[in-house]
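S.K.:
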Amino acid sequence: MSLSPTEHRTIIAVDVAEFTRRDRRVNDLLVVHEGLYGVLKAAFADVGVDLSHCATEDRGDGALILVPSTVSKSELADKLPERLVAELRRYNSTKAEAAKIKLRVVLHAGDIRQNEHGWVGHALNHACRILEADIPKTELRNSGSVLAVIASAHFYQEVIFDDAGSAPDSYHRIDVSVKSFQGHAWLRLHGAVMPLSTAPAEPAAVLPDPDLADLAVRGLFTGDEVKVLRELLADAETARLPMLVSRATGSVVPMPRFGSVWDAFTHLADVNAGPDGIPPAVEFLELLAEELGGDNGAELKAWAARKVRGLRRANARQERQAARSPLPAEPRLRLMIVVELDGIDDNRCRLSFWRQDDPLDWPPLRGEVGEVRVDELEQRIDDLIIDAEGRWSGQSVSVALDFVLPRPLLRLPISSWKKERRSGDPRPIVYDYVLSLRSLERMRATYWHRPWRVRWESSSSDTPLWERIHPYGAPQGKENAIDAVLSESRWVGLVMDEPPSPRPDPSAGPDALTAALRAGLPLVLWHPAARAEDLRAIVAWLVSGEGGILGLPDRHRHAQLSAAEGDLVRDLVVLLDDPNWTVALDGPAAPTSGGGRG
Numbered sequence: 001m002s003l004s005p006t007e008h009r010t011i012i013a014v015d016v017a018e019f020t021r022r023d024r025r026v027n028d029l030l031v032v033h034e035g036l037y038g039v040l041k042a043a044f045a046d047v048g049v050d051l052s053h054c055a056t057e058d059r060g061d062g063a064l065i066l067v068p069s070t071v072s073k074s075e076l077a078d079k080l081p082e083r084l085v086a087e088l089r090r091y092n093s094t095k096a097e098a099a100k101i102k103l104r105v106v107l108h109a110g111d112i113r114q115n116e117h118g119w120v121g122h123a124l125n126h127a128c129r130i131l132e133a134d135i136p137k138t139e140l141r142n143s144g145s146v147l148a149v150i151a152s153a154h155f156y157q158e159v160i161f162d163d164a165g166s167a168p169d170s171y172h173r174i175d176v177s178v179k180s181f182q183g184h185a186w187l188r189l190h191g192a193v194m195p196l197s198t199a200p201a202e203p204a205a206v207l208p209d210p211d212l213a214d215l216a217v218r219g220l221f222t223g224d225e226v227k228v229l230r231e232l233l234a235d236a237e238t239a240r241l242p243m244l245v246s247r248a249t250g251s252v253v254p255m256p257r258f259g260s261v262w263d264a265f266t267h268l269a270d271v272n273a274g275p276d277g278i279p280p281a282v283e284f285l286e287l288l289a290e291e292l293g294g295d296n297g298a299e300l301k302a303w304a305a306r307k308v309r310g311l312r313r314a315n316a317r318q319e320r321q322a323a324r325s326p327l328p329a330e331p332r333l334r335l336m337i338v339v340e341l342d343g344i345d346d347n348r349c350r351l352s353f354w355r356q357d358d359p360l361d362w363p364p365l366r367g368e369v370g371e372v373r374v375d376e377l378e379q380r381i382d383d384l385i386i387d388a389e390g391r392w393s394g395q396s397v398s399v400a401l402d403f404v405l406p407r408p409l410l411r412l413p414i415s416s417w418k419k420e421r422r423s424g425d426p427r428p429i430v431y432d433y434v435l436s437l438r439s440l441e442r443m444r445a446t447y448w449h450r451p452w453r454v455r456w457e458s459s460s461s462d463t464p465l466w467e468r469i470h471p472y473g474a475p476q477g478k479e480n481a482i483d484a485v486l487s488e489s490r491w492v493g494l495v496m497d498e499p500p501s502p503r504p505d506p507s508a509g510p511d512a513l514t515a516a517l518r519a520g521l522p523l524v525l526w527h528p529a530a531r532a533e534d535l536r537a538i539v540a541w542l543v544s545g546e547g548g549i550l551g552l553p554d555r556h557r558h559a560q561l562s563a564a565e566g567d568l569v570r571d572l573v574v575l576l577d578d579p580n581w582t583v584a585l586d587g588p589a590a591p592t593s594g595g596g597r598g
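Reading the sequence shown from the start, the letters are residues 1 to 598 in full-length UniProt numbering.
Here it is in structure tokens:
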């Protein structure tokens, strides 16, 4: 086997100190891992190196970076440590304790070779051995520094020693004994901060409240800032507090209920910033400022803007503001309940849900999944609704319930289901919610989504919706097979002569429901005891009202509530699929409310 040619590279091995320490939860590890690359990318850019032009290998708790020989080693040794310190400080200032980062970084250089699997060479092995030395780990852990730079003996002698700009006297020699490697290296700690005990003392009365003192030492806020914010937020009130919290966090983790604006703010001050580096507490203040208006709102907005500029996140703030939509005048929250049948036992199913806490945030994270019997669904869904109502108790908005069901369960009498069943005095859910029946098969079959979106968008055309419901808008005479008919773009809805069978019979010819779903028709209706012709007047009223197809669920609910005993509308089933409300059925479940905190 012929060897590939050698390439001379500056080798930078990076490790997150104590990456697996016990207080880091999975969410913290994900934040740290993403933050590491944000720090590296920004620091390298500051010294004129595009990280994407370097060969980079992820090591889970660190990275191996191979810098081209065209980049000056002296420039890296001189400038990179201080830029890493600056970016680490910016990153850490927006993170909870469990997500803060300290780094050990090895500087080395040598000739290495590349094959189809990666890079190999004694110089790489040398750098990795030095990175695992015990002394840098101990000294970094016991210091207030955020960065330990370990220069190999070769790199120190050839690059740092003769360059006063790299401060060679600030390094000290250490012995290294790792596996078969015995030798020495040179260590320098960077980014030490003054311990709190030696900082200039403020009068004890400045932060009399333990909550204020706790906020001040987290690093994001000074004592004076906390005092001002406490005065501004103490009497602030908004009925949309849960929405503002949800928008500030991006629904990364479920949030608990808060008794006041100040409680929400102090909680968010301990939640990690997202990828753009804007702390949720700062985003919350800006959203609250827009909600409050007036002098307090203007002062909060100015304060948040100054804080973002201090964190060097002005561009990220502008991007957020550009993407931000105002809260609607009449917002509506949505609880989407998804039922998936067990692959072996049709009497068992998988229950999951997506609960919206902000009417502009979709999709939220998937809620807890449970395995239940089909005959338990009404009770288990009642429990989900009651829990959701507890989460929404501080909001004055309407709610819609979406039931995404597999075909064999489409005959479940959802509109007659009840809530508060454990109370002994249950109440029909249709009294309190707009209900929508959805197709699980369509949600899952992404290859059906394009025609579905096309038909949905076309439903707002000038052609009356009534004329686009099959069979009412069909010309007289013999028709083709239903799948061929519904393939015509004119149709957006279908009224069936009978409920769909639990499973289509291939020998019976084209199945109407399957044909409708494949063709993208968003609306399908049927009745357990009436044919399409018997439903003509009801359907004409439902689809002709205000709001077009979007207003159909509200009109259906209104008709059911006002219907007399025996009216056909009471048992009319309306399957209405809006492609703007979809979820990834295999998406991750939401962590606990503490999952993003330190």
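Ideal Cβ positions, reconstructed from N, Cα and C, are used throughout, including at glycine.
(1) Mapping DSSP to helix, strand and coil, what is Val16?
(2) Quick test of the definition: if touching needs 3 or more C-beta pairs under 8 angstroms, does the segment 134-143 touch the segment 114-122?
(3) Leaving out five residues before and five after Cys128 in sequence, what residues of the same chain have Cβ atoms less than 7 angstroms from its Cβ?
(4) Can you give the beta carbon distance from Gly191 to Val146, rounded, assuming they're within the 8 angstroms contact cut?
(5) Identify which residue in Glu34, Val49, Val67 and Asp50 has its Cα closest to the Cα of Leu88.
(6) On the three-state DSSP scale, how would you describe Glu507?
(7) Using a threshold of 8 angstroms, state whether the C-beta atoms of Arg306 and Trp262 are closer than that.
(8) Considering Cα atoms alone, identify which of Ala445, Ala109, Leu542 and Leu513 is closest to Ser487.
(9) Reducing DSSP to helix, strand and coil, say where Val186 ends up.
(10) Entirely within the segment 508-570 and at least 3 residues each: give me those beta strand (DSSP E) ranges in chain order.
(11) Using the Cα positions of Val105 and Asp169, report the straight-line distance between them to the nearest angstrom.
(12) Under 7 angstroms Cβ to Cβ from Arg442, same chain only, skipping five residues before and after it: list those, please.
(13) Considering only residues of the segment 322-410, which uninterrupted beta strand (DSSP E) runs meet the minimum length of 3 residues and lie entirely inside it, listed in chain order?
(14) Go to Val485, then tell me how far its alpha helix (DSSP H) extends in each direction, as first and last residue.
(15) Is Glu286 buried or exposed, if buried means 16 or more other CB atoms sit within 10 Å of its CB?
(16) Considering only residues of the same chain and omitting the five flanking positions on each side of Leu341, which have a CB-CB separation below 6 angstroms?
(17) Thinking C-alpha only, which one of Tyr156, Leu401 and Ala239 is nearest Ile174?
(18) Would you say Arg442 touches the ligand ADP, meaning its beta carbon is less than 7 angstroms from a heavy atom?
(19) Would DSSP call Ser4 helix, strand or coil?
(20) Determine the burial state of Leu66: buried for a count of at least 16 other Cβ atoms within 10 Å of its Cβ, exposed for fewer.
(21) Please state if the CB of Leu268 and the CB of Pro280 are separated by a distance shorter than 8 angstroms.
(22) DSSP has His108 in a bridge; who is on the other side?
(23) Roughly how many whole angstroms lie between the Cα atoms of Lys102 and Glu132?
(24) Give the C-beta separation of Gly493 and Leu523 to the nearest angstrom, bearing in mind that I take them to be a contact with Cβ-Cβ under 8 angstroms.
(25) In or out: Thr446 buried (at least 16 other Cβ within 10 Å) or exposed?
(26) Residues in its own chain within less than 6 angstroms of Phe44 by CB, not counting five upstream and five downstream?
(27) If you draw a straight line from the C-alpha of Asp586 to the C-alpha of Arg421, how long is it?
(28) Measuring alpha carbon to alpha carbon, tell me which residue in Leu84, Lys79, Asp15 and Ser416 is nearest Glu57.
(29) Within the segment 252-307, note down every full alpha helix (DSSP H) run reaching 4 residues or more, in order along the chain.
M.R.: Looking at the coordinates:
(1) If DSSP states are grouped into helix, strand and coil, Val16 belongs with the strands.
(2) No, the segment 134-143 does not touch the segment 114-122.
(3) Excluding sequence neighbours, Cys128 sits near Ala13.
(4) Under the criterion of beta carbons closer than 8 angstroms, Gly191 and Val146 qualify as touching, at roughly 4 angstroms.
(5) For Leu88, the nearest C-alpha among the options comes from Glu34.
(6) The residue you asked about is not Glu; residue 507 is Ser in the sequence shown. DSSP places Ser507 in the helix class (H, G or I) of the three-state scheme.
(7) No, they are not a contact pair.
(8) Across the set Ala445, Ala109, Leu542 and Leu513, the C-alpha of Leu513 shows the shortest separation from the C-alpha of Ser487.
(9) What sits at residue 186 in the sequence shown is Trp, not Val. Trp186: strand per DSSP, three-state reduction.
(10) Qualifying beta strand (DSSP E) stretches, in chain order: 523-526.
(11) Val105 and Asp169: Cα-Cα distance of roughly 18 angstroms.
(12) Cβ within range, chain order: Trp448, Trp452, Leu517 and Asp577.
(13) Runs of the beta strand (DSSP E) inside the segment 322-410: 332-341, 348-355, 370-373 and 398-405.
(14) Counting along the chain, the alpha helix (DSSP H) containing Val485 begins and ends at Ile482 to Leu486.
(15) By the neighbour-count rule (16 or more Cβ atoms within 10 Å), Glu286 is buried.
(16) Excluding residues within five positions, the ones whose Cβ falls inside 6 angstroms are Cys349 and Pro406.
(17) Comparing Cα positions, the closest option is Tyr156.
(18) Only the bare structure without any ligand can be found here, which leaves the ligand ADP out of the picture.
(19) Looking at Ser4 - three-state DSSP - the assignment turns out to be coil, as it is neither helix nor strand.
(20) Classification for Leu66: buried.
(21) Taking 8 angstroms as the Cβ cut-off, Pro280 and Leu268 qualify as a contacting pair.
(22) Paired residues: Ile11.
(23) In a straight line, the C-alpha of Lys102 is about 15 angstroms away from that of Glu132.
(24) Yes, they are in contact, since the Cβ atoms of Gly493 and Leu523 sit about 4 angstroms apart, within 8 angstroms.
(25) That one is exposed.
(26) Counting only Cβ-Cβ distances below 6 angstroms, and skipping sequence neighbours, we find Leu51.
(27) Each residue's alpha carbon lies about 30 angstroms from the other.
(28) If we check each option's Cα against that of Glu57, Asp15 comes out closest.
(29) The segment 252-307 contains these whole alpha helix (DSSP H) runs: 261-268 and 280-292.
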